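Enquirer: My questions all concern the structure below.
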């Protein structure tokens, strides 16, 4: 039984967190927060910060010695969450300088894609949500300090929200398509049309506000070393110098590059890697077989996990591979959609794959399908489904650690999914298939370069977006356009270093765990224990998985 004093603090925090971040709570399965939007007015933010200070004081008075292991994990993750929220509001000052802080309010996809209630009820809730967007974006315009905005952040907000404006302009048609054979009342469809215009106009007003002020944006996207270090500690509990992390990232890049060159030599030592990659891309599903081929891959990968005792597979369920809904294809070409941590009704999982557009030319369709070349698609499926995000979510749903379940670390979620790509190869998956190995290493090299570029873009004033672009082109064999996109992402998402950073920390934890276990070590036991905690910061997790933690996380 949970310590009553600590349980009261946890319950209190989750209630207020959900009130202040209702969309996040809604997405995690707290469907009672449907239709609610955050209030980012200055007075409300000050009240929220007061609450965080008071909760922190209560936590400081808790006798940690009497907490169970599960409670202790929750205690540390709760402290981390409080720090993370303070970083976002106070340290990074996101609500005053970053338009991206206001983008997610317009993302209303859950109402349409998650069958947590009958469609007509979800549409009623969507209407309420859309009708609040004018007030929300007026608050955003009042909060933002024009001269402190970085153009890169504004540009990305404009790009994202422009897609939403187009989506909302066609919302009535999208709703009809989702409804399928279900007949919706004309009155409801009319209300959807009115609300979508209200919401769309509000989003457009915000975009127009950003565009009209673009010449006055004087802020820098660069966090600087001090703020970058705060981001890493307050969000991820990583307390290392920037130089240590950069050194580890560069060392791992060098190691993976050598592995990549070796894999290429095993295929054809007379061809350079870029030629081999072109050959690999020619081996792909047809548009007609894309979904069945991917579904069959999931069955085979899952069976490998069981047969090779890589990790426990706690459910017979396999995510259903379906086309990405048309309105959402601009956001991802392949993505896993799993239930929120507290979801009780919309528990289905979908593996979205974006097919080539039927209106494209044959050449465009071929280019798109090459993205889903068989070795690459297999590796993406390891990352997204088994034993990556989908399997991780299955374990997360079962953990007893509520706080760790709800407030997982960026580096754990993405680092684990990247980690298993390498760990599966080490464990014998696709043994001897060096085309697969090259595809897997390309994805790892991409994350290596993200780590290096994130650090350099934000802490080295002489490192430019063009420098980052060139690094992606050179080390990941990207064309200029996708390389530019990756480099630009580093300006507004410095946390994208967490894929590689999380992988490195999990690998170091496994190495230390293996040393302690000696002859008793089993990789399945390690993975099961790792996933039993949810997704807490790895530096905190070490205290519970190791008998003696020396604090060396890399």
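In this note's numbering, the protein residues as written are 1 to 554. Just so you know, even glycine gets a beta-carbon here, dropped at the ideal spot from N, CA and C. These figures come from a predicted structure and were not determined experimentally.
#1: What are the residues that DSSP puts in a beta bridge with residue 334?
#2: So, helix, strand or coil for residue 1, using DSSP?
#3: With a 10 Å radius around its C-beta and 16 neighbouring C-beta atoms as the bar for buried, classify residue 53 as buried or exposed.
#4: Classify residue 139: buried if its beta carbon has 16 or more other beta carbons within 10 angstroms, exposed otherwise.
#5: Indicate whether residue 197 and residue 346 have their beta-carbon atoms separated by less than 8 Å.
#6: According to the neighbour-count rule (16 or more other Cβ atoms, all chains shown, within 10 Å of its Cβ), is residue 99 buried or exposed?
#7: Is the distance from the Cβ of residue 445 to the Cβ of residue 476 below 8 Å?
#8: Write down the C-beta distance between residue 218 and residue 316 rounded to the nearest angstrom, noting that I regard them as a contact closer than 8 Å.
#9: Tell me the rounded alpha-carbon separation between residue 437 and residue 425.
#10: I need the straight-line Cα distance from residue 134 to residue 116, nearest angstrom please.
#11: Could you please give me the residues that DSSP links to residue 321 through a beta bridge?
#12: Does residue 361 come out as helix, strand or coil in the three-state DSSP assignment?
#13: Measure the beta-carbon distance from residue 192 to residue 175 and round it to whole angstroms, keeping in mind my assumption that it falls under 8 Å.
#14: Return the CA-CA distance between residue 295 and residue 377, expressed in angstroms with no decimal places.
#15: Which same chain residues end up closer than 6 Å to residue 552 when comparing Cβ atoms and leaving out the 5 residues on each side of it in sequence?
#16: Given 8 Å as the limit, is there contact between the stretch 220 to 228 and the stretch 154 to 173, that is, 3 or more CB pairs closer than that?
#17: Does residue 403 come out as helix, strand or coil in the three-state DSSP assignment?
#18: For a minimum of 4 consecutive residues, which ranges assigned as the alpha helix (DSSP H) are wholly contained in the stretch 6 to 64?
#19: Who are the near neighbours of residue 212 in its chain, counting only those whose CB is closer than 7 Å to its CB and skipping five residues on each side?
#20: Measuring alpha carbon to alpha carbon, tell me which of 187, 422, 81 and 324 ends up nearest residue 112.
#21: Over the uninterrupted alpha helix (DSSP H) stretch that includes residue 417, give me the two end residues.
#22: Is there contact between the stretch 300 to 313 and the stretch 357 to 371, where contact requires at least three CB pairs shorter than 8 Å?
Expert: Working from what's here:
#1: 353
#2: Low per-residue confidence applies at residue 1: pLDDT is 46, beneath 50, and the placement is therefore not dependable, though the value from the model is reported in the following sentence. Of the three classes helix, strand and coil, the one that applies to residue 1 here is coil, per DSSP.
#3: Around the beta carbon of residue 53, a 10 Å sphere encloses fewer than 16 other beta carbons of the protein chains shown; the residue is thus reported as exposed.
#4: When all chains shown are included, residue 139 counts as buried.
#5: no
#6: buried
#7: yes
#8: That pair is no contact at about 57 Å.
#9: 7 Å
#10: Those two C-alpha atoms are separated by around 26 Å.
#11: 351
#12: coil
#13: At roughly 6 Å, the Cβ-Cβ gap stays under 8 Å, so residue 192 and residue 175 are in contact.
#14: A straight line joining the alpha-carbon of residue 295 with that of residue 377 spans about 11 Å.
#15: Cβ within range, chain order: n/a, list empty.
#16: no
#17: helix
#18: 22 to 27 and 42 to 60
#19: none
#20: The residue from 187, 422, 81 and 324 with its alpha-carbon nearest to that of residue 112 is 324.
#21: Here the alpha helix (DSSP H) through residue 417 covers 410 to 426.
#22: no
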